[in-house]
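Trainee:
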Amino acid sequence: MKGVWESPLAVQVEAYGLQWVFGPLPTLPAAMEFVSEHVWDTDTYRHQYLSLIDPSEAAVRLNRRVREGNPGLFDAPGRSQQEPLEVALRAAIAREHGGVGDGPHGDGLYAHLDIHRPWRVAVKRHACWEGDCDHGRDDEGNCTAPVQHAVWCRGCTPVYVSGGEFDGTPYDECQVDWPCSPVLAMCASFGVSLTGKALPTDRLE
19 MKGVWESPLA VQVEAYGLQW VFGPLPTLPA AMEFVSEHVW DTDTYRHQYL
69 SLIDPSEAAV RLNRRVREGN PGLFDAPGRS QQEPLEVALR AAIAREHGGV
119 GDGPHGDGLY AHLDIHRPWR VAVKRHACWE GDCDHGRDDE GNCTAPVQHA
169 VWCRGCTPVY VSGGEFDGTP YDECQVDWPC SPVLAMCASF GVSLTGKALP
219 TDRLE
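Following this note's numbering, the numbering of the sequence shown begins with 19 at its first residue and continues without gaps.
#1: Can you check DSSP and say which residues form a bridge with Arg108?
#2: Sort Gly126, Gly209, Cys146, Gln66 by Cα distance to Val31 and report the nearest one.
#3: Report back the beta-carbon spacing between Ala140 and Val165 to the nearest angstrom; my notes put them in contact at under 8 Å.
#4: Using only alpha-carbon positions, find the residue among Leu27, Arg138, Glu101 that is nearest to Leu46.
#5: Take Arg172 as the anchor and find which of His134, Gly209, Cys146, Glu191 has the nearest alpha-carbon.
#6: Out of curiosity, what's the CA-to-CA distance linking Glu148 and His123?
#7: Report the residue from Trp137, Gly126, Asp59, Pro73 whose alpha carbon sits nearest the alpha carbon of Asp195.
#8: Identify whether Leu68 lies in helix, strand or coil by the three-state DSSP scheme.
Below you can see the structure in the form of structure tokens.
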């Protein structure tokens with residue numbers, strides 16, 4: 019299975035509520051060259067890179083269930099288990115703009131909130147998984163340090179896309195707590211009070 023950036027890519031460009039997807043482009047450098055040539059007005063246009071994956075790889079890449087096989091660094095519940103603040107914010111949007119599908123204004127807010135949804139994780143540092151830490155060891159040589167629970171922003175926290183063993187896991191240098199700035203801005207706009215985070219150990223099922 020190829021790494022994400024080893025597959026053909028597309029460049030998605032957005033401005034004034036419109037979106038264009040250009041591709042396929044053979045490599046990430048080619049996609050970056052396309053952006054340098056055509057997306058020079060960064061005050062107007064926002065872009066992101068999309069990996070174009072063969073549909074036959076969907077079963078391998080998507081929907082790995084919690085506690086089945088090896089989930090890697092993370093053991094997080096499905097997105098249907100929402101944070102209380104997320105529920106309150108969606109209700110506030112619904113009161114002013116209706117539900118999903120009732121109008122483009124509300125749909126845009128729901129879509130933006132969905133991108134910046136909470137990401138509940140149980141994580142250790144990369145050094146712990148690689149055996150390079152100073153913590154105690156069990157009989158099999160694995161790190162015995164407790165797993166740390168956190169809630170990060172799924173959209174703001176960048177992840178590895180190298181195709182290696184840490185593919186899909188976040189950089190140690192940039193783990194953005196949720197609620198992030200975009201969510202806080204929406205809370206301020208709709209008058210939604212901040213609530214505590216429902217971590218994996220104490221969230222409402």
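Think of the CB as a built atom: it goes at the ideal place given N, C-alpha and C, for glycine as much as any other residue.
Mentor: Taking the geometry as given:
#1: Bridge partners of Arg108: none, in fact.
#2: Answer by Cα proximity: Gln66.
#3: 5 Å
#4: Leu46 has its Cα closest to that of Leu27, out of Leu27, Arg138, Glu101.
#5: His134
#6: 46 Å
#7: Trp137
#8: strand
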